[in-house]
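Report on the structure given below.
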Amino acid sequence: MKVSRAVIGAVAGVLLIGAIGGAALLYANTGLNDKGAEPAVEAKSELARFATGSIARLETPAALTPAPAYVFKTRDGADARLSDFRGKVVVVNLWAMWCAPCRTEMPTLQHLAEAYEGKDLVVLPINVDATPDAIADAKSFIDVHDPLPMYSDPKFQLPFELPGKGKMPQTVLLDRQGRIRAHFSGEADWASPEARALIDALLAEPA
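Note that the UniProt record's numbering numbers the sequence shown so that position 157 is 157, with each residue one more than the last.
See the structure below:
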(Lines of atoms letter the chains of each structure in order from A and count residues from 1; the text may use other names and numbers.)
(Lines give C-alpha, C1' and ligand atoms only; values in the text may rest on other atoms or scores of the structure.)
Protein backbone atom coordinates (compact mmCIF):
# COMPACT_ATOMS: atom_id res chain seq x y z
CA MET A 1 0.00 0.00 0.00
CA LYS A 2 1.35 3.38 -1.03
CA VAL A 3 1.33 6.25 1.42
CA SER A 4 0.76 9.66 -0.08
CA ARG A 5 3.34 12.38 0.25
CA ALA A 6 0.73 14.52 2.01
CA VAL A 7 0.32 11.94 4.78
CA ILE A 8 4.09 11.53 5.18
CA GLY A 9 4.49 15.30 5.37
CA ALA A 10 1.79 15.60 8.01
CA VAL A 11 3.39 12.88 10.18
CA ALA A 12 6.82 14.49 9.85
CA GLY A 13 5.38 17.82 10.87
CA VAL A 14 3.83 16.35 14.01
CA LEU A 15 7.14 14.69 14.96
CA LEU A 16 9.07 17.92 14.40
CA ILE A 17 6.65 19.90 16.57
CA GLY A 18 6.95 17.24 19.28
CA ALA A 19 10.74 17.38 19.17
CA ILE A 20 10.77 21.16 19.44
CA GLY A 21 8.30 21.05 22.30
CA GLY A 22 10.36 18.42 24.11
CA ALA A 23 13.52 20.48 23.76
CA ALA A 24 11.74 23.56 25.07
CA LEU A 25 10.49 21.59 28.07
CA LEU A 26 14.02 20.29 28.79
CA TYR A 27 15.46 23.81 28.83
CA ALA A 28 12.65 25.03 31.05
CA ASN A 29 13.13 22.23 33.54
CA THR A 30 16.93 22.55 33.71
CA GLY A 31 17.03 26.32 33.89
CA LEU A 32 19.10 26.58 30.71
CA ASN A 33 16.76 28.89 28.82
CA ASP A 34 17.64 32.54 28.46
CA LYS A 35 14.44 33.72 30.07
CA GLY A 36 15.07 32.11 33.46
CA ALA A 37 14.96 34.20 36.61
CA GLU A 38 18.13 36.08 37.49
CA PRO A 39 19.89 34.76 40.64
CA ALA A 40 19.18 36.77 43.75
CA VAL A 41 21.89 39.28 44.66
CA GLU A 42 23.09 38.84 48.24
CA ALA A 43 22.64 41.91 50.41
CA LYS A 44 25.91 43.42 51.58
CA SER A 45 26.83 44.99 54.91
CA GLU A 46 28.39 48.38 55.57
CA LEU A 47 31.80 46.65 55.34
CA ALA A 48 31.39 46.51 51.55
CA ARG A 49 33.13 49.89 51.33
CA PHE A 50 36.42 48.16 52.12
CA ALA A 51 36.17 45.88 49.05
CA THR A 52 38.86 47.68 47.06
CA GLY A 53 42.39 47.05 45.82
CA SER A 54 43.69 43.56 46.53
CA ILE A 55 40.45 42.64 48.34
CA ALA A 56 38.07 44.04 45.70
CA ARG A 57 36.31 40.65 45.52
CA LEU A 58 35.63 40.66 49.27
CA GLU A 59 32.15 39.36 50.18
CA THR A 60 30.44 41.18 53.05
CA PRO A 61 27.07 39.53 53.70
CA ALA A 62 24.44 41.55 55.55
CA ALA A 63 23.15 38.39 57.26
CA LEU A 64 25.25 37.57 60.31
CA THR A 65 25.99 33.84 60.42
CA PRO A 66 27.79 32.18 63.36
CA ALA A 67 31.04 30.43 62.51
CA PRO A 68 30.64 26.63 62.27
CA ALA A 69 31.31 24.54 65.37
CA TYR A 70 33.72 22.33 63.42
CA VAL A 71 36.63 20.79 65.35
CA PHE A 72 40.16 21.20 64.00
CA LYS A 73 43.54 20.55 65.64
CA THR A 74 46.24 22.54 67.40
CA ARG A 75 49.90 21.88 66.66
CA ASP A 76 49.95 19.40 69.56
CA GLY A 77 46.84 17.55 68.35
CA ALA A 78 44.35 19.02 70.83
CA ASP A 79 40.84 19.93 69.71
CA ALA A 80 40.14 23.53 68.76
CA ARG A 81 37.06 25.41 67.58
CA LEU A 82 36.54 28.87 66.15
CA SER A 83 34.38 29.66 69.18
CA ASP A 84 37.54 29.39 71.32
CA PHE A 85 38.53 32.83 70.00
CA ARG A 86 35.34 34.74 70.78
CA GLY A 87 36.00 38.16 72.21
CA LYS A 88 38.61 38.84 69.53
CA VAL A 89 38.47 39.67 65.84
CA VAL A 90 39.71 36.60 63.95
CA VAL A 91 41.23 36.31 60.48
CA VAL A 92 40.80 32.64 59.55
CA ASN A 93 42.98 31.56 56.63
CA LEU A 94 42.68 28.10 55.09
CA TRP A 95 45.83 27.01 53.31
CA ALA A 96 47.84 24.03 52.05
CA MET A 97 51.34 23.34 50.80
CA TRP A 98 49.95 22.20 47.43
CA CYS A 99 48.24 25.59 47.03
CA ALA A 100 50.76 28.04 45.54
CA PRO A 101 48.63 31.17 46.14
CA CYS A 102 48.26 30.09 49.78
CA ARG A 103 52.02 30.11 50.21
CA THR A 104 52.40 33.37 48.31
CA GLU A 105 50.03 35.31 50.56
CA MET A 106 51.35 33.87 53.84
CA PRO A 107 53.97 36.63 54.37
CA THR A 108 51.18 39.21 54.22
CA LEU A 109 49.37 37.39 57.01
CA GLN A 110 52.64 37.31 58.95
CA HIS A 111 53.01 41.09 58.55
CA LEU A 112 49.40 41.55 59.63
CA ALA A 113 49.95 39.51 62.80
CA GLU A 114 53.10 41.49 63.59
CA ALA A 115 51.35 44.83 63.06
CA TYR A 116 48.50 43.95 65.43
CA GLU A 117 50.48 42.07 68.07
CA GLY A 118 49.08 42.81 71.51
CA LYS A 119 45.70 43.89 70.13
CA ASP A 120 42.42 41.98 70.02
CA LEU A 121 43.21 40.36 66.66
CA VAL A 122 43.96 36.69 66.02
CA VAL A 123 45.46 35.67 62.69
CA LEU A 124 44.53 32.00 62.46
CA PRO A 125 46.01 30.00 59.56
CA ILE A 126 44.56 26.47 59.39
CA ASN A 127 46.42 23.98 57.22
CA VAL A 128 44.44 21.33 55.32
CA ASP A 129 47.23 19.02 54.15
CA ALA A 130 46.43 15.36 54.77
CA THR A 131 49.62 13.25 54.63
CA PRO A 132 52.23 13.13 57.41
CA ASP A 133 54.97 14.36 55.05
CA ALA A 134 52.88 17.30 53.84
CA ILE A 135 51.90 18.23 57.40
CA ALA A 136 55.57 18.14 58.44
CA ASP A 137 56.42 20.44 55.52
CA ALA A 138 53.56 22.73 56.54
CA LYS A 139 54.92 23.00 60.08
CA SER A 140 58.36 23.93 58.76
CA PHE A 141 56.81 26.49 56.42
CA ILE A 142 54.65 28.16 59.08
CA ASP A 143 57.61 28.32 61.49
CA VAL A 144 59.37 30.60 59.00
CA HIS A 145 56.38 32.94 59.29
CA ASP A 146 56.47 33.48 63.05
CA PRO A 147 54.35 34.60 64.94
CA LEU A 148 51.74 32.66 62.92
CA PRO A 149 50.58 29.50 64.75
CA MET A 150 50.10 26.02 63.32
CA TYR A 151 46.56 24.65 63.25
CA SER A 152 45.40 21.82 61.01
CA ASP A 153 42.36 20.18 59.48
CA PRO A 154 43.72 17.00 57.85
CA LYS A 155 40.18 15.94 56.91
CA PHE A 156 39.99 18.96 54.57
CA GLN A 157 36.42 19.60 55.69
CA LEU A 158 36.47 23.10 57.19
CA PRO A 159 36.91 24.80 53.77
CA PHE A 160 33.52 23.34 52.81
CA GLU A 161 31.89 24.41 56.08
CA LEU A 162 32.76 28.05 55.37
CA PRO A 163 31.27 30.34 52.68
CA GLY A 164 33.98 29.64 50.09
CA LYS A 165 32.73 26.04 49.80
CA GLY A 166 36.14 24.46 49.29
CA LYS A 167 37.91 27.26 47.42
CA MET A 168 41.56 27.77 48.29
CA PRO A 169 43.01 29.90 49.68
CA GLN A 170 40.00 31.03 51.64
CA THR A 171 39.98 33.76 54.28
CA VAL A 172 37.10 34.49 56.64
CA LEU A 173 36.85 37.38 59.10
CA LEU A 174 34.95 36.86 62.34
CA ASP A 175 33.83 39.58 64.72
CA ARG A 176 34.13 39.43 68.50
CA GLN A 177 30.83 37.53 68.69
CA GLY A 178 32.17 34.79 66.42
CA ARG A 179 30.03 35.80 63.43
CA ILE A 180 31.15 35.71 59.81
CA ARG A 181 31.42 39.34 58.69
CA ALA A 182 33.46 39.00 55.50
CA HIS A 183 35.06 36.31 53.38
CA PHE A 184 37.43 36.16 50.43
CA SER A 185 38.39 33.35 48.06
CA GLY A 186 41.79 33.59 46.41
CA GLU A 187 45.10 35.28 47.08
CA ALA A 188 45.13 38.74 48.67
CA ASP A 189 47.49 41.15 50.40
CA TRP A 190 46.29 41.00 54.00
CA ALA A 191 48.79 43.64 55.12
CA SER A 192 47.49 46.17 52.58
CA PRO A 193 45.91 49.48 53.69
CA GLU A 194 42.45 48.32 52.58
CA ALA A 195 42.72 45.06 54.53
CA ARG A 196 43.93 46.88 57.63
CA ALA A 197 41.11 49.42 57.32
CA LEU A 198 38.62 46.54 57.27
CA ILE A 199 40.17 45.00 60.37
CA ASP A 200 40.30 48.36 62.15
CA ALA A 201 36.56 48.76 61.50
CA LEU A 202 35.85 45.39 63.10
CA LEU A 203 38.10 46.16 66.06
CA ALA A 204 36.28 49.46 66.57
CA GLU A 205 32.91 47.74 66.96
CA PRO A 206 31.54 47.30 70.51
CA ALA A 207 32.56 44.04 72.16
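Glycine included, C-beta positions come from ideal geometry on N, C-alpha and C. All values derive from a computational prediction rather than experimental measurement.
Handout entry: Nonlocal neighbours in the same chain, by C-beta distance under 6 Å from A195, ignoring five residues either side
Key = I55
Handout entry: Sub-8 Å separation of I180 and P163 beta-carbons
Key = yes
Practice task
Return yes when the Cβ of L82 is within less than 8 Å of the Cβ of L202, no when it is not.
Solution key: no
Practice task
Check each candidate in A67, P66, I135, R49 and name the one with the smallest Cα separation from E59.
Solution key: R49
Practice task
In the DSSP assignment, find the alpha helix (DSSP H) that holds S140 and state where it starts and stops.
Solution key: 132–143
Problem - Per-residue DSSP class, three states only, for S152 - result: strand
Handout entry: Local Cβ density within 10 Å of L25, reported as buried at 16 or more and exposed below that
Key = Any reading at L25 is ruled out, since the residue's pLDDT is 31, under 50, leaving its predicted position unreliable.
Handout entry: Closest by C-alpha distance to L94, when choosing among L198, A80, D129, D189
Key = D129
Problem - For F85 and Y70, the rounded distance between their alpha carbons - result: 13 Å
Problem - CA nearest to the CA of L121, picked from A80, D189, G87 - result: G87
Exercise for the section: Would you identify the three-state DSSP class for S185, choosing helix, strand or coil? Expected result: strand
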